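I have placed the structure first, in the form of structure tokens, so that the comments after it can refer back to it.
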Amino acid sequence: MNQHIIYACGLLVGINLYGVIYAFLVTKYKLLNNKKIQTRNISYETFLSRLPLFTFNVLVLILFNVIGIYFFREYFIRDFISVPWMIVEILFVLLIDDLFFYFLHRGMHQNKYIYKKIHKIHHRANTPIPLEYIYVHPLEWMSGIPGPFLGMVIIGGISFESYLIYLIIRNVHEIHIHSGVKSSKLHKIIPFYGTNEHHDAHHAKRDGNYASTFVFWDLLFKTRLK
Ligand SMILES: [Zn+2]
Ligand SMILES: [Zn+2]
Numbered sequence: 037m038n039q040h041i042i043y044a045c046g047l048l049v050g051i052n053l054y055g056v057i058y059a060f061l062v063t064k065y066k067l068l069n070n071k072k073i074q075t076r077n078i079s080y081e082t083f084l085s086r087l088p089l090f091t092f093n094v095l096v097l098i099l100f101n102v103i104g105i106y107f108f109r110e111y112f113i114r115d116f117i118s119v120p121w122m123i124v125e126i127l128f129v130l131l132i133d134d135l136f137f138y139f140l141h142r143g144m145h146q147n148k149y150i151y152k153k154i155h156k157i158h159h160r161a162n163t164p165i166p167l168e169y170i171y172v173h174p175l176e177w178m179s180g181i182p183g184p185f186l187g188m189v190i191i192g193g194i195s196f197e198s199y200l201i202y203l204i205i206r207n208v209h210e211i212h213i214h215s216g217v218k219s220s221k222l223h224k225i226i227p228f229y230g231t232n233e234h235h236d237a238h239h240a241k242r243d244g245n246y247a248s249t250f251v252f253w254d255l256l257f258k259t260r261l262k
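Each number in our numbering comes from the position in the sequence shown (counting from 1) with 36 added on.
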């Protein structure tokens, strides 16, 4: 059990360090400037101003993981079954998580009071930089926590290995869709996978494209930006 906590925390620290280094290189040294979606450059000062809230959110995220694994592990973690089943578990959790996020995110735009008080912080970025995936009001990302856990509970629990892979896919994808850099060819060939352009357009227009991991929820509910 303690080992599981160390693995999950180590993973989250590593992923978020990647997000910070990526954002640092994009703002300070204009990394991948020729592959940017929007032409606007974001200053290094903006990067620095994002760090306190980002760091606070990452620390609370890690704390939540420690509490979740230590006290509630039996509700969402089960033994490893097989590699094919692991793929099913990961896809299912990503799907339910994204559906939950879709409605949560859309609701935050439709309710003007909640938008102004909570979600507007995330939309300070019209042209996002990598670490802005978790540059949000703490209540915003906390209200997204039920999404993946709903998926895990519905499917009867997932293996700890699946949980770690879910964390990697979800968080690295979030960093990339906020990078402001065009999606790679590999990213684009995965069917219905949310591209960087998909979420960047949401930041640029502050409307539509509410889902994150996949694009089909926006297609299905007719909120995809043209
Ligand atoms: Zn965003
Ligand atoms: Zn939004």
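No residue lacks a Cβ here, since even glycine has one placed at the ideal position from N, Cα and C.
A quick note: this is a predicted structure, and the numbers were derived from the prediction, not measured.
- Taking C-beta separations shorter than 8 angstroms and ignoring five residues to either side along the sequence, the partners of Lys241 in its chain run Leu261, following chain order.
- CA-to-CA, the gap between Val56 and Val94 works out to about 11 angstroms.
- DSSP places Tyr169 in the helix class (H, G or I) of the three-state scheme.
- Going by DSSP, Leu175 is part of the alpha helix (DSSP H) stretching over Pro174 to Ser179.
- Shown here, Phe116 sits in coil according to DSSP, grouped into three states, outside any helix or strand.
- For Pro174, the CB stays at least 7 angstroms from every heavy atom of ligand 1.
- At the C-beta level, Leu200 and Tyr43 come within 8 angstroms of one another.
- Sorting Ile51, Ile190 and Glu197 by C-alpha distance to the C-alpha of Asp133 places Ile190 at the top.
- Counting along the chain, the unbroken alpha helix (DSSP H) around Ser198 starts and ends at Phe196 to Ile213.
- Taking the C-beta atoms as reference points, Gly216 is found nearer than 8 angstroms to Val62.
- In this structure, His223 has its beta carbon at no less than 7 angstroms from each heavy atom of ligand 1.
- Under the Cβ criterion (8 angstroms, minimum of three pairs), the stretch 180 to 190 does not count as touching the stretch 230 to 244.
- The beta carbon of Lys71 sits closer than 6 angstroms to those of Val217 and Lys218, all from its chain and outside the five residues before and after it, given in chain order.
- For the pair of segments examined, the stretch 146 to 161 was found not to touch the stretch 203 to 212: the number of CB pairs separated by less than 8 angstroms stays below three.
- Annotated three-state conformation of Tyr229 is strand, per DSSP.
- The Cβ atoms of Tyr171 and Leu89 sit closer than 8 angstroms to each other.
- Taking 8 angstroms as the cut-off, the Cβ atoms of Phe228 and Phe196 do not count as close.
- Sorting Gly104, Tyr65 and Ser118 by C-alpha distance to the C-alpha of Tyr80 places Tyr65 at the top.
- Leaving aside the five residues that flank Ile117 on each side, the residues in its chain whose CB is nearer than 8 angstroms to its CB run, in chain order, Ser195.
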